[in-house]
Structure formats: C-alpha cells, structure tokens
Amino acid sequence: MLPLETFKADVAIVGAGGAGLRAAIAAAELDPSLTVALVSKVYPMRSHTVAAEGGSAGVVQAHDSLQQHFDDTVTGGDWLCEQDVVDYFVAQCTPEMIQLEHWGCPWSRKEDGHVNVRAFGGMKIERTWFAADKTGFHILHTLFQTSLKYPSIRRFDEHFAVDLVVDEGRCRGVVALDIASGRFVLIEAGAVVIATGGAGRVFRENTNGGIVTGDGMSLAYRHGVPLRDMEFMQYHPTCMPGTGLLFTEACRGEGGLLTNKDGYRYLQDYGLGPPDPWPRKKAMELGPRDRLSQAFWHEDRKGRTVQTPHGSAVNLDLRHLGAKKLRERLPLICELAEEFLGIDPANSPIPVRPAVHYTMGGILVDGRTASPLPGLYAAGECSSVGIHGANRLGSNSLAELSVFGRVAGEEAARFARTARRDDNAALATQAGDAIALATAMVRRTDGTERLAALRREMAQSMEDGCGIFRTGPEMQATCDKLAELRERYARVRLDDVSTAWNTEWLNAIELGYQLEVAQAIAHSALEREESRGAHQRLDGFTQRDDVRFLKHTLAHRDGANAPKIGYGDVTITRSPPGTRAYGAAGEHAEAALGAAK
Amino acid sequence: MTVEPRHIEIEVLRYRPGTDAEPVWQSFRVPFLDDTSVLEGLQAIKDDQDGSLSFRWSCRMAICGSCGMMIDGVPRLACHTFLREFFPGKVRVAPLDHLPIERDLVVSAEDFVRKLEGITPWLVPREARTLAQGEHLQTPRQLEQFRQYAGCINCMLCYAACPQYGLDPEFIGPGLMALIHRYNEDSRDGARAERMELINAEQGVWSCTAVGYCSVVCPKHVDPANAVNQNKVNGALDWVKQRVGLKGASK
Amino acid sequence: MIPPVEAPRGRGYRRPMAGWWRRNPYFFWYMVREVTAVGVAVYALVLLAGVVCLARGEPAWNGWLAAMRSPVSIALHLLLLAGMVCHAWSWFDIMPKTMPMLFVGGKRVEASTITRAGWVVAVVAAIALYVVARMLRP
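Protein chains in written order, with our numbering: chain A, 11 to 607; chain B, 18 to 268; chain C, 112 to 249.
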C-alpha cells in the first residue's frame, strides 16, 4: 500500500471555472506568499463556464442605475433574494467587468470604442456586456490565461475531489484522485473554496456539459452544510430538442420570435403581451425564463407545439434578422442549427424547447461566501449566496462568478493566514477512510446494477416529477424513486476495474453525488407548498404564499435517509414583495409607480 | 413521432497501459439517428456495452475542446461529427495523432499545457490603467484584428494535423503560435518584444514548413497557419532590424 | 521566456511517424509540392548552363539550343512545366497565409481573393513575357 501523498497549501480551491479561477487570482493578489492549490477534474479551459453565451451584467448607461439592476434582480427572483447581498452584487458588477477587460477580455464594442451592452430577459435597461455570442468562453480563457501570471497558484489539473477533510469543526483540506495515475493526494489547506458549478445533469434534458454533476454541493452537504433553495431549477426556454444544447437568450435580445405550430406568437396569451412594438424590454420573448418555459408547457398541453423526432418544440424564428446580422451577432447559433438540424436560421425557424440550464440553489453561504462550516467557502453556481432567489436573470450568473469568486478568494486567504495548521495525523486518517470508500467501488465484484441504468432512471424521474410544473404525487414518486436508486447504488458493478483513467469509476462517484443532490431538490420541492419563480405547482398551490413561504428552503443530509427540510429567513431591505409584472401589465405598473413618485 | 434508429459499426483504437503492449482495434455496433454524433456513439458503447472505454468530453457543442479524436484518419471533434456521414460504412475512431496515448482515446495534453504556461499568454497593458479609468478604448476594427485568433478552444486538432510537430515535439505548434499572435495583435497589449524571442526561435515559427493542414482542421476557423506564417515575416524583419542596429522588436 | 527545451514528460504510448505522408491525401499532395521545388532547382541549373554556353560563344550556344530541342529534353520540359504549375498553384494557395489581415474599404479581404489576384498577376506576367520574347526575335 503506497504512502499517502500530501501537499500543503494555504488555500485550496475545488473547481477551476470562472469562479474558481477568479478566487485563485484574488487570493494570489491579496497575499503572494500564500500557496493556492487549484484542483479541477478537467483542464480549466474545459470548465462549463466556457459554454455560456449571452453575456454578463454591469450597469454602464447614463439612464441606468444600480437601483434598477437591483429591482430587476429582486423582482426576477420573486423576492426570495437576500437583498443586502444583491445590493453589494450590483455595485460590484461593473468594476469586475472592467477588471476582465483590463485582463484582456475581448468585449464587443460600439463604434466609439466603448464596451457595448445589449438587452437581456427580465432587464429593463440594456446592461449586458457581451463578447460576440461566446461570452463565457472569452471570460474563462481570459481568467485562465491571466491566472498563469501568478507563480503562487499551483494547479492540480485532472484531479477529482472525492472528499473534504474536516477536523475539530473546521475544513482542513481536500482528498483528490489524480485521474491519470490513479493515485490519491491529500491537499491540506488553511481554507477551502468550492467552485464546482451546478447540478443540471441530474435531469434528462439539460444544456449542461457532462461534468456538471453537483460534486462540490454534495461534498459540503455530506459534511453537514445545508443546501439552500434547491427546488429552484431554471429551465432555459430555447434549447435544442434531444441534446438540450443552448440557443442563447441573445437570439431574443437581437429580436428573435417564438411561435407555435400555427406561426402565432403565443407568449401574448400568458401575460407577456402585447406583441408589438417589438423588441421591447421585459415583454414577450424578452420576458423572464421561468415565464417563457411555463408558457411552452401550456402550449404543449393545448397541442399547439411542433413535433420533432426528439419531442415537442416551438419555433425560434430569426429569419427577419437577415443572414449578415446572424453571422455577425449569432455565429455559434447558426453553426449549431446547421450541423445538428440541417437548418439555416436565415431561411427557417429553429425548433426549440425548454431544458434544465441552471441551479439557482446550492451550498448555503453568507454575503461573504462563508458557509456555516468554518474554513469552507463557496462561490459561483454551486453556491447559494442569495442573489438569484427563485429565478435567475440572464447575465447575472457570469457576473456572479467574478464578483463572488473574488470575495471567496480574499476571504479564504484571510482565514488561511490565521488558521492553526497542526495535527495532520487526524487528517491523514480521514483521507485514508475516504480513499478506502472510493476504492471499494472499483474492487466490488458482486454488484448487480449497471451505472447507466441508474443514471437514466434518475434523470427521467427528475424530469417527470420536478419539471416545469409540479404536483405533490409526482414529486413524491420522484422522492421514492431516488430513495430506491440510492439503495441500488450500493450494488453498482463497474466494467472497468483499473485505477488509471477509469472514467467509469469517476462517473460512478459522480452518480453518488448526483443522487444526493437530486434528493435535496426533490424533497425541497415537495415541501414548498406554493408557486414561486421556477417552482410552479398545479395541485392547489398555484399562487405565491408570502405568509408561509417567504422563506429559504434548507436541506440537511440525513445519512442514507431522505434529507431533513428546514427553513431560513429572507433578508428584505428595500423591496417588499410585489407582483412580477411583465409586458403591458409591467409597463402600467411602472407608469403608476412613476406617477406616484 | 418515433423514428427507427439505424445501426453502424464503430471501430475504436484501445490502449490500456500495463495490459496492452500496443494499441489494438476493437469493434462495436451502435444505434443512431440523423443527429447522433460520434461522441454519442461512444457514450452508447460506454453506457451499454463496455464501460471501460475512456475518452474526454463535456460541453457537446464544440466549445470546451475536450473531445478531439482521429475520426477516419482526420482530426475532428467527436461531438460535432455525425455518424450519418459514414453510414453504411464503418467509422474508425482513434486518439489524436502526434500526441502520446495515456489510455484509449485519451492523449497527453501535458506538452501543450506546459508550453502554454511559458508563452506570456496574458495581456501586458501598454500603460498602467486603474479600474476607475474604465475600459481601454478599442474600436470594432481593432477588435477584428485579433478576434479570430482569440477563438482557439485549445482542442489540439491542429497538433494532430501538424506533421512537423509529430516529427519534432519541441515545435511550439500552431495553436500556441495563434495565441501568441492573438496577444501581439491586441491593440491594448505591449509585450510584443517579450514574445518575439519565442517566435523567432528554432522551435518557434522556423519549424513550420507551411503544410497548412492545421488551418484546414481547425473547428473554430482560427487559421493558425496564418498566425505562424505571418510571424515568419515579423521574425525576419526583427532579425534584420537588430543586425542593422535599428531599434528592433526584441532585445 | 522560452519554454523549457527538454522533451515532454514520459507518460504515454508514442506512435511511430514512419510513413506519415501516406496516411492522408493532404500530406501526399504536400510532399508533391515540396518535390516540385526540386524541379524548380533543376530548371535553374538548366538555364544556368544556357547562360554559361552563351558566354562561351555561338557554337556552345547552338549546342545548348540543340540539346533543348531534343525529344528527351521536350519530355523533361513538359514534366517540369507540370511541376511548376503545381508549385505555383500550391504557392498561391498558401500565399494568403503569409500575409497579415487586409482590409479594403472596411471589409476583410478573403484568402481566395488574394490567391486569385496572385494567379491573375502570374498569367499576365507570363503573357507579357511571351509577347516581349516574340517581339525580340530577329
């Protein structure tokens, strides 16, 4: 038995996407004498930040204001946001976007050389910075290449985190598997930042890459940190049927239309109209994502959707934009449509349907990204810092990576500087246990369950029970199914018994993470007896209930049992819960508000 | 509306270190529809037939750069190559050429990443600028000057395409040269001189013999051949400037 | 800063490069292109021989001309001409790759335009040369 390899770091960061890289840079800048271990199961440029398309929010226009960004965000979140955190967030967005620009991010420009901004769903005024339709790609590569400047950042590329080590109530490091060699390493640290992204892969149809499996959420969850507001899963309304690949919201920002099988702009039937003049902010196709996904669901029930080999869809009509504008502003979209569907968007509409895209909830952290476990921080999609509430606005997520990635890096660095670092024997023992647990799966010869079968059943069940619209009995069925799958998971048998580059083994560990996160989602959803934001019910709880449920859901792990669901208060400062009004209703509401002032 | 799948043979080059003395071909048959990618074919093999098949993948939309492979002898992204193209024949899938095989379809990216770290691949501003001063001004025309080269997804297809890299792995290679060029052409950057030494080295542009296949296979139309060969002119001019005593680009 | 010169770390199975140019039609035609450079060099030597003969006086010059008119020579010339055309084709093809981005009237000039421009200039120059040669005949 080989001795345990150990690496001593000051800050360990798990996940090297936008948030993880920004945290690493922040820690390195705060104190270049600290060693920052950046652990990622893929090379950083493969992180899922790379797939984000549309843009990142930051107030720049003279007629825009932080107050308006705040209002749009809190309204979009259906008042489940931590308003003090949103205040901090909107004030930091623009400086962070400028910082990215200084680091080389190729933002799209106006003729005068200033950064250009565009309209995005749910936002009253244009404030979305963009780099063609590959904003996430450019942000990620800018951050990765910039991170190479700092010699104190030590990367552990293609290292898979299998556990945290926690001693005397403090997070003390990470146990990771070197994928290529099959050897484990204990990265001992003064503070740990989790930046592992969302958990969209627990659903069948999703926009996410294969790596988005809720790893970090599960790691924190297993060590007693609650997962907050997990029931709020965002469906992106315009995705490719079958693969779930994303057609960016920017299509609609540029003036794209959604029509049903009769060529009718159906969104006007769902409180988002009138259809003209077009484009118009916060109306019709520029309404918030949850409303658009819900409208699709209704159209589908009414039989007004188009049929494709991969299920029903509606039309994303970009023809009126013209070939030139399409190539210039939406090149990635044109490519996707042509290669997968054989469609030229200049000539035909693209069939689209909603697919799971973003996890609003995550690891409970405060406004400084600190989790209840001392020494453990979280930033990015894996965290619930309180800015998205029940529904996220497009372009707030990329901004979140920079704003809270920086906070997490700085806070973790400060904590690590004063953290006590003794008693490594206890850590080594814990690491040994984690390694034994992970290795047992590969050695098991008497298993009966096939990995892919469990994964497919989980994904189908989540789609059925925790979809766009939910009912008690369906959610309960999913909860029961997940309990069964967790039990069967203990009997998984792998084809691959090697230890080097055994991706089946990694997929199996990921499935373990996914099942636990899925349970947190399903049980949180079942217990929330109201409809708010992305959590919509058809079974009597069809309205928002601010009396009982103006609260955050907290899912606590309970071993092999279902999670225990509790609740936490929402911080409301300036914006008391109101009505989310879009389209004409929204315009009337704003006019009335203006007149009242 | 259910469509009946057809079936196609996928032949994969396997290699298990410690078990196989050298790579061996193994055949599988998978169901497919018109929009089924080679990647999805491999996933079907791994899920339902042989879980030990290892390959990298993530985004499924040709932006993460993970799934580069030799598909019927041509470097391509598996997620963006469709099985319909090869039917009714079989399709042969092998790891990217010129790179060492770690396992099955997984090649070593170590050389690429190590070199990436050494080419000053970050913006060195011409002059210091505070956040309060706002963004650098850059016109759409100035952005156009380097935007194409900034589109590289680090998929390494160009390294699989470059026989010079295959013959001599010391060569910096097309993709990284494109990245160097991306920064040199960015109006905000001032480190052209620092990077000239890399460009003008034997393992810089001078290992390139303008085969041009790198630009043919690049899935993001970065045109690395252009980046490399443009810099032959730059490198030569710089050499002349130095000999003549003019203020050259490099030190 | 030049990246470290030592070979990449040992990990992994390295496939041999032998016969690489036969694996892909693109590489085969690249090798043909490279070989045509030999043809260019050969013809330069033939022309050099002609110049030397010219300097040596009329008998030597006539001897060279006679050799050029022999059937073997004609056959060689046709082969070399084919090689030169191939060489020119591949050269004009790769020419845009050696040039920085060109903008005319705010629009990017396509690689194909540059290639075509190269051919136009080459054909015009060849025709002009032929016309001048004819005019200079005694």
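Idealized CB from N, CA, C, for every residue including glycine.
Spatial neighbours of residue i in its chain, beta-carbon cut-off 7 Å, leaving aside the 5 residues before and after
| i | result |
| --- | --- |
| A/P116 | A141, H148 |
| A/R460 | none |
| A/H320 | P251, G252 |
| A/S75 | V69 |
| B/S44 | E26, E28 |
| A/D188 | H169, V195 |
| C/R126 | none |
| A/A510 | A190, S191, G192 |
| A/E136 | Q71, V127, R128, A129 |
For residue i, the first and last residue of its enclosing alpha helix (DSSP H)
| i | result |
| --- | --- |
| A/R466 | 461 to 475 |
| A/H398 | Run containing A/H398: none; DSSP gives neither H nor E here. |
| C/V170 | In the sequence under discussion, the amino acid at residue 170 of chain C is Pro, which differs from the Val named in the question. Its alpha helix (DSSP H) spans residues 169 to 180. |
| B/R31 | Premise fails: B/R31 lies in the beta strand (DSSP E), 23 to 31, not in any alpha helix (DSSP H). |
| A/G514 | Sequence check: residue 514 of chain A is Glu here, not Gly. Per DSSP, A/E514 belongs to the alpha helix (DSSP H) from 513 to 537. |
| A/L374 | Premise fails: A/L374 lies in the beta strand (DSSP E), 372 to 374, not in any alpha helix (DSSP H). |
| A/V417 | 406 to 428 |
| A/G442 | 434 to 453 |
| B/Q247 | 241 to 261 |
| A/Y231 | 225 to 232 |
Residues bridged to residue i [DSSP beta-bridge criterion]
| i | result |
| --- | --- |
| B/E214 | DSSP, once it has assigned bridges, lists no residue as partnering B/E214. |
| A/T69 | Checking the sequence shown, residue 69 of chain A turns out to be Val, not Thr. In DSSP, A/V69 forms no bridge with anything. |
| A/N270 | None; A/N270 has no bridge partner. |
| A/K491 | None; A/K491 has no bridge partner. |
| B/G190 | BP columns for B/G190 are empty, so no partner. |
For residue i, the first and last residue of its enclosing beta strand (DSSP E)
| i | result |
| --- | --- |
| A/C181 | 180 to 188 |
| A/I360 | 360 to 369 |
| A/Q244 | 243 to 249 |
| B/W42 | 41 to 49 |
| A/N325 | 321 to 327 |
| A/D81 | Run containing A/D81: none in the beta strand (DSSP E); it sits in the alpha helix (DSSP H), 76 to 86. |
| C/I225 | No beta strand (DSSP E) contains C/I225, which is instead part of the alpha helix (DSSP H) from 222 to 246. |
Residue burial classification, residue i (beta-carbon count within 10 angstroms, cutoff 16)
| i | result |
| --- | --- |
| A/P586 | exposed |
| A/P287 | exposed |
| A/K120 | exposed |
| C/R227 | exposed |
| B/F99 | buried |
| A/E106 | buried |
| C/A118 | Confidence in C/A118 is poor, its pLDDT being 32 and thus under 50, which makes the residue's placement unreliable; the coordinate value appears in the next sentence. Exposed is the call here. |
| B/P22 | exposed |
| C/Y141 | buried |
| B/Q66 | exposed |
| B/K132 | buried |
| A/Q440 | buried |
| A/E520 | buried |
| C/F214 | exposed |
| A/A34 | buried |
Chain-ordered neighbours of residue i on chain C, where CB pairs are closer than 7 Å
| i | result |
| --- | --- |
| B/V250 | T209 |
| B/V228 | Y141 |
| B/E119 | R122, G123 |
Same chain only: Cβ atoms within 6 Å of residue i, ignoring 5 sequence neighbours per side
| i | result |
| --- | --- |
| A/G65 | T138, W139, F140, T145, S405 |
| C/P115 | Low per-residue confidence applies at C/P115: pLDDT is 31, beneath 50, and the placement is therefore not dependable, though the value from the model is reported in the following sentence. There are no such residues. |
| B/N171 | G82 |
Cross-chain neighbours of residue i in chain B, by beta carbon under 7 Å
| i | result |
| --- | --- |
| A/F166 | Near A/F166 there are no residues of chain B at all, since even the closest Cβ is about 12 Å away, more than 7 Å. |
| C/M128 | G183, L184 |
| C/I205 | A227, G229 |
Neighbouring residues, chain C, relative to residue i (Cβ below 8 Å)
| i | result |
| --- | --- |
| B/G90 | R134, N135 |
Contacts that residue i makes with chain A (C-beta to C-beta distance below 9 Å)
| i | result |
| --- | --- |
| B/L193 | Ordered by position in chain A, no residue passes the 9 Å Cβ test against B/L193, which lies about 12 Å from the chain. |
Interface residues of chain B facing residue i [CB-CB closer than 8 Å]
| i | result |
| --- | --- |
| C/W200 | The contacting residues do not exist; C/W200 stays about 13 Å from chain B at best. |
| A/Q109 | L148 |
| A/H148 | A167 |
Nonlocal neighbours in the same chain, by C-beta distance under 8 Å from residue i, ignoring five residues either side
| i | result |
| --- | --- |
| B/V233 | A178 |
Closer than 7 Å at the beta carbon, the chain A residues around residue i
| i | result |
| --- | --- |
| B/P138 | Q155, L158 |
| B/E134 | L158 |
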